[in-house]
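Structure first, then comments.
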Amino acid sequence: MRNFVAHSVQNLRPSGIRRYFDIAATMTDVVSLSIGEPDFVTPEHIINTGITSLRQGQTRYTSNSGIIELRRAIADYIERLHGLQYNPDNQILVTVGVSEGMWLALKAILDPGDEVLVPQPCFVSNPAAVEMAGGVAVIVDTSIENDFQVTGAQLEAAISPRTKAILVNYPNNPTGAVLSYERMKEIAAVAEKYDLVVISDEIYERLVYGTQHTSFAALPGMYERTILLSGMSKSFAMTGWRIGYISATPAIMEAVRKLHQYLIMSAPTTGQIAAVEALQNGDDDVRAMVAEYDARRRLIVDGFNRLGLTCFEPRGAFYAFPSIAAAGMEDEQFCERLLYEEHVAVIPGSAFGRSGNGHIRASYATSQQNIEIALERMERFMKRHG
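For the record, in the sequence shown the residue sitting at position 30 is 17 according to my numbering, with numbers rising by one throughout.
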């Protein structure tokens, strides 16, 4: 019998993250710095709003675009954060997390063979999402020399007649990099010069430290060219509620909505109702979580530098991305040996693209106590191998 699996799926690269989760799941006493998920429980007032909605029988499908109360809350939230105005009736759609929003955005704009410039290191699913939407991911490597910020010159060098879009993810997973305003202007100039769309994944927009995040759509001339993605998962510790959103011009959103209506009946009803509460009354919770993340960030970065694992300062998200050159190993070997020998789970930088080689991703979305234990174990490891 023939192989019925599509070639396009066979050619997708498996996630480089999952293997380390699977190994860690077979072990005891593992300190995990591998999970890209807040360790905080969703704030109680948000949980209670969701529970109340269930008890009131709000368990049916919603409007395909999302409940209007949430779309209005999202519009108010974006305007409050970024000074941008989106019409909740035809410029905002509620998605099942940013993952669905990413695919919708790509599928809405790409014809087969269209190219998307994808700066790396980046979240593992970004190039795959381009391919699943029928496009070609053109990788643009960033480096520590530019603090993992892609430059306009790098993007311009990668452009071809098939280039349709630039996909940016800042604050960045896995590096923690935040684009400076000057770098953003460089990217905007390239988008304008070559008539490109910019898909901007800003899920970590609230998790920044000692700097300010500027939404790409807020740059001069970029509102019409930007598809803005964000959601509730990271800033509000609502990963399991699966609520994201996508905002763009009415013409793009018409295409996005057409895809969404065939793919998803509606995002989870309970999550939508809880998200209204989060957006309207959750700022104090976000500030408290950001303060704690910042303390952990300083602890882990200082610890890595002390161990000789040179680490540039991450200014966003909740990841550190140190170099492991001092260990004299490839990143996959480093991660595997660290897990087996000291029961500390981190992710090899190469899982996020070839420019991540020689680095590891360590999430500080865990307690300071766990970070201290992990650093103690890594110190033993480095004394043996460093």
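From the three backbone atoms N, C-alpha and C, an ideal C-beta is built for every residue, glycine too.
Paired residues, beta bridge with residue i - DSSP
{"i": "isoleucine 79", "result": "Ser234"}
{"i": "proline 335", "result": "Ile347"}
{"i": "valine 155", "result": "Ser187"}
{"i": "isoleucine 214", "result": "Ile186"}
{"i": "alanine 307", "result": "Ala349"}
{"i": "valine 18", "result": "Val331"}
{"i": "threonine 226", "result": "In DSSP, threonine 226 forms no bridge with anything."}
{"i": "valine 195", "result": "Gly303"}
{"i": "threonine 150", "result": "Glu102"}
Whether residue i touches residue j by CB criterion (7 Å)
{"i": "valine 407", "j": "asparagine 357", "result": "Residue 407 is absent from the structure shown; the chain starts at -12 and stops at 373."}
{"i": "lysine 151", "j": "aspartate 182", "result": "no"}
{"i": "serine 167", "j": "isoleucine 190", "result": "no"}
{"i": "serine 354", "j": "proline 108", "result": "no"}
{"i": "histidine 247", "j": "leucine 91", "result": "yes"}
{"i": "alanine 120", "j": "lysine 94", "result": "yes"}
{"i": "valine 111", "j": "isoleucine 239", "result": "no"}
{"i": "serine 234", "j": "glutamine 78", "result": "yes"}
{"i": "glutamine 259", "j": "isoleucine 54", "result": "yes"}
{"i": "proline 106", "j": "threonine 129", "result": "yes"}
{"i": "alanine 388", "j": "proline 25", "result": "The structure shown has nothing for residue 388, since the chain only spans -12 to 373."}
{"i": "glutamate 264", "j": "isoleucine 33", "result": "yes"}
{"i": "aspartate 188", "j": "phenylalanine 299", "result": "no"}
{"i": "glycine 336", "j": "alanine 313", "result": "no"}
{"i": "glycine 303", "j": "glycine 163", "result": "yes"}
{"i": "leucine 362", "j": "tyrosine 64", "result": "no"}
{"i": "valine 125", "j": "leucine 154", "result": "no"}
{"i": "threonine 402", "j": "alanine 261", "result": "Given a span of -12 to 373 for the chain in the structure shown, any question on residue 402 remains unanswerable."}
{"i": "glutamate 143", "j": "valine 177", "result": "yes"}
{"i": "phenylalanine 305", "j": "serine 253", "result": "no"}
{"i": "methionine 276", "j": "phenylalanine 27", "result": "yes"}
{"i": "arginine 364", "j": "valine 331", "result": "yes"}
{"i": "leucine 41", "j": "threonine 257", "result": "yes"}
{"i": "valine 127", "j": "alanine 145", "result": "yes"}
{"i": "proline 161", "j": "phenylalanine 339", "result": "yes"}
Buried/exposed call for residue i, threshold 16 Cβ in 10 Å
{"i": "glycine 70", "result": "exposed"}
{"i": "aspartate 271", "result": "exposed"}
{"i": "isoleucine 38", "result": "exposed"}
{"i": "valine 333", "result": "buried"}
{"i": "histidine 346", "result": "buried"}
{"i": "lysine 221", "result": "buried"}
{"i": "tyrosine 327", "result": "exposed"}
{"i": "proline 1", "result": "exposed"}
{"i": "serine 147", "result": "exposed"}
{"i": "proline 30", "result": "buried"}
{"i": "asparagine -2", "result": "exposed"}
{"i": "serine 86", "result": "buried"}
{"i": "aspartate 318", "result": "buried"}
{"i": "arginine 212", "result": "buried"}
{"i": "alanine 62", "result": "buried"}
{"i": "alanine 175", "result": "buried"}
{"i": "valine 243", "result": "buried"}
{"i": "tyrosine 73", "result": "buried"}
{"i": "serine 21", "result": "buried"}
{"i": "leucine 250", "result": "exposed"}
Check: residue i C-beta below 6 Å from any heavy atom of the ligand SAM
{"i": "asparagine -2", "result": "Looking for the ligand SAM in the displayed structure turns up nothing, as the structure carries no ligands at all."}
Can we say the segment 285 to 299 touches the segment 200 to 209, given the rule of at least three CB pairs closer than 8 Å?
Pairwise C-beta distances place the segment 285 to 299 out of contact with the segment 200 to 209, as fewer than three of them are shorter than 8 Å.
Which full runs of the beta strand (DSSP E) of 3+ residues lie inside the segment 88 to 127, going along the chain?
If only complete runs of 3 or more residues are kept, the segment 88 to 127 shows the beta strand (DSSP E) at 102 to 107, in order along the chain.
The segment 71 to 89 in contact with the segment 217 to 237 per 3-pair CB rule at 8 Å:
Note that the segment 71 to 89 touches the segment 217 to 237; at least 3 beta-carbon pairs, one per stretch, sit closer than 8 Å.
Beta strand (DSSP E) segments (min. 3 residues) lying fully within the segment 230 to 274:
Entirely contained in the segment 230 to 274, the beta strand (DSSP E) runs reaching 3 residues are, in chain order, 231 to 234.
Are the segment 45 to 53 and the segment 191 to 202 touching, with three or more C-beta to C-beta distances below 8 Å?
With the cut-off at 8 Å, the segment 45 to 53 and the segment 191 to 202 do not touch.
Between the segment 321 to 331 and the segment 138 to 152, are three or more C-beta pairs nearer than 8 Å?
Counting Cβ pairs under 8 Å, fewer than three are found: no touch.
Can you check the segment 22 to 66 for any alpha helix (DSSP H) of at least 4 residues that lies completely inside it and give the ranges in chain order?
Correct list: 31 to 42.
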